[in-house]
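Only one structure is covered here, and it is reproduced in the block below.
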Amino acid sequence: MSQDYLLPVMGCIALFTVFAEYNGIYQGWRGEPMFDEAWRILLSWLMSFAMVAFCVIFFSSELSFPQKSIQLFLPLVPAFIILTHTIKRLLLAILRQQGFNSRTYAILGANPLGKRLEAALSELPWLGYKLVGYYDDRAEDAYRRLDLKGQLNGGFDELLIAAKQGKVDHIYITLPLRAEERISQMVLELADSTASVNIVPDFFTFNLIQSKWTNVQGIPVVSLFDTPFREFDGVIKRIEDLLLCAFIVPLICVPMLLIAIGIKLSSRGPVLFKQKRYGVNGEEINVWKFRSMTVCENGNDIKQATKMMLALPPLAHFCEEPL
């Protein structure tokens with residue numbers, strides 16, 4: 371391999387390991403969708419290739435990226451990595467369905483959250499998780515636990531014995547958060563076993579659609595409402611916006627001009643209007659939109675437009691139609 375190829379390839383490999391660690395490729399992917407893993411592999415490779423290409427173009431007059439290497443090297447390497455990861459997943463899935471590489475698990479807490487966890491794992495048989503049973507000290511309290519019809523194997527003492535005997539590989543604690551003292555004591559006692567102990571917090575009472583885990587000096591924090599772009603992700607998003615705008619705006623400028631003329635000819639009033647929105651860090655911004663109603667002021671009270679609303683100008687019926 372000539373120097374023209376060797377140094378860029380070595381640079382791509384070195385940077386890929388860095389970006390792969392940053393994007394979490396080396397974490398355990400058991401139970402995670404393959405698409406997420408493939409996307410992180412592709413993103414890590416594109417980031418490393420782009421950085422090496424930038425250095426070659428702007429900082430080195432002796433090295434170059436031959437066109438053939440771009441045509442082959444850029445798509446084939448991530449495709450090969452994704453293929454190997456996919457084959458590994460398929461082989462492990464086959465082995466687990468045959469009873470190999472399987473894991474047993476127990477749920478500490480006979481409640482709706484525990485049943486939801488069991489249902490989620492049962493829908494993924496290729497993961498190789500097998501339920502040992504539920505354990506709950508509140509077995510006689512019908513108001514605080516579910517009727518599990520024979521799945522309840524006892525209380526915490528029975529679970530501790532099973533864990534120390536190696537009969538349980540994973541323990542999922544689904545007890546309510548208000549039982550923190552009890553949970554802490556159980557975790558301390560389970561630390562003397564070989565089982566992996568996991569706490570499943572019941573956050574389903576909150577709106578967690580856009581939530582994510584963060585930490586402040588090691589203190590775990592759940593962000594319920596926050597910007598989806600931080601640090602390097604924000605830079606990538608900004609570059610993506612600029613590139614997409616440079617490609618899309620020339621394509622849609624003529625249709626937008628025709629729509630503007632149509633709105634002006636078909637109704638009285640301005641063609642565009644400003645609407646308040648909130649951007650990064652809660653900053654108030656004005657978004658320009660085509661006017662689809664005769665009244666478009668910002669205010670505290672927002673009246674939802676109806677399909678047969680007479681205030682709609684004629685062209686707005688066309689603009690409001692879904693594609």
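Numbering-wise, the sequence shown is residues 371 to 693 according to our numbering.
Every residue, glycine too, gets a C-beta built ideally from N, C-alpha and C.
For residue i, does the three-state DSSP call read helix, strand or coil?
| i | result |
| --- | --- |
| E528 | helix |
| A565 | coil |
| F573 | coil |
| T456 | helix |
| M404 | helix |
| G639 | coil |
| K500 | strand |
| L702 | No answer is possible for residue 702: the residues shown for the chain start at 371 and end at 693. |
| L494 | coil |
| P378 | helix |
For residue i and residue j, which I take to be in contact (beta-carbon distance under 8 Å), what is that distance rounded to the nearest angstrom?
| i | j | result |
| --- | --- | --- |
| I477 | T584 | No, I477 and T584 are not in contact; Cβ-Cβ is about 27 Å, not under 8 Å. |
| A561 | I541 | With 8 Å as the limit, A561 and I541 do not qualify as a contact, their Cβ atoms being about 11 Å apart. |
| L497 | R466 | 7 Å |
Determine the direct distance from the alpha carbon of residue j to that of residue i, and round the result to whole angstroms.
| i | j | result |
| --- | --- | --- |
| N481 | P571 | 12 Å |
| I427 | I618 | 27 Å |
| P495 | R486 | 15 Å |
| L635 | V641 | 10 Å |
| C623 | F450 | 40 Å |
| W409 | L460 | 18 Å |
| I531 | S593 | 37 Å |
| S418 | V447 | 12 Å |
| F526 | N568 | 15 Å |
| V422 | L613 | 20 Å |
| M626 | S637 | 17 Å |
| D504 | G479 | Position check: residue 504 holds Tyr in this sequence, whereas Asp was assumed. Their Cα atoms are separated by approximately 7 Å. |
| A390 | L376 | 21 Å |
| L315 | F424 | Residue 315 is absent from the model: the chain starts at 371 and stops at 693. |
| Y513 | Q555 | Per-residue confidence for Y513 stands at a pLDDT of 49, beneath the threshold of 50, marking its modelled position as unreliable; the derived number appears in the next sentence. The alpha-carbon atoms of Y513 and Q555 are separated by roughly 24 Å. |
| P620 | A490 | 47 Å |
| F660 | I631 | 11 Å |
| R647 | D611 | 18 Å |
| W415 | D406 | 14 Å |
| R508 | G524 | 9 Å |
| R548 | D506 | 16 Å |
| Q397 | W658 | 43 Å |
| I629 | Q645 | 19 Å |
| K582 | P445 | 31 Å |
Let's see if you can read the secondary structure: which residues bound the beta strand (DSSP E) around residue i?
| i | result |
| --- | --- |
| V591 | 589 to 593 |
| L478 | 473 to 478 |
To which residues does DSSP link residue i through a beta bridge?
| i | result |
| --- | --- |
| Y648 | E654 |
| V586 | I589 |
| F470 | The partner list for F470 (beta bridge, DSSP) is empty, contrary to what the question assumes. |
| F660 | L642 |
| L558 | Its beta-bridge partners do not exist; DSSP assigns none. |
| Y505 | L478 |
| L522 | Y504 |
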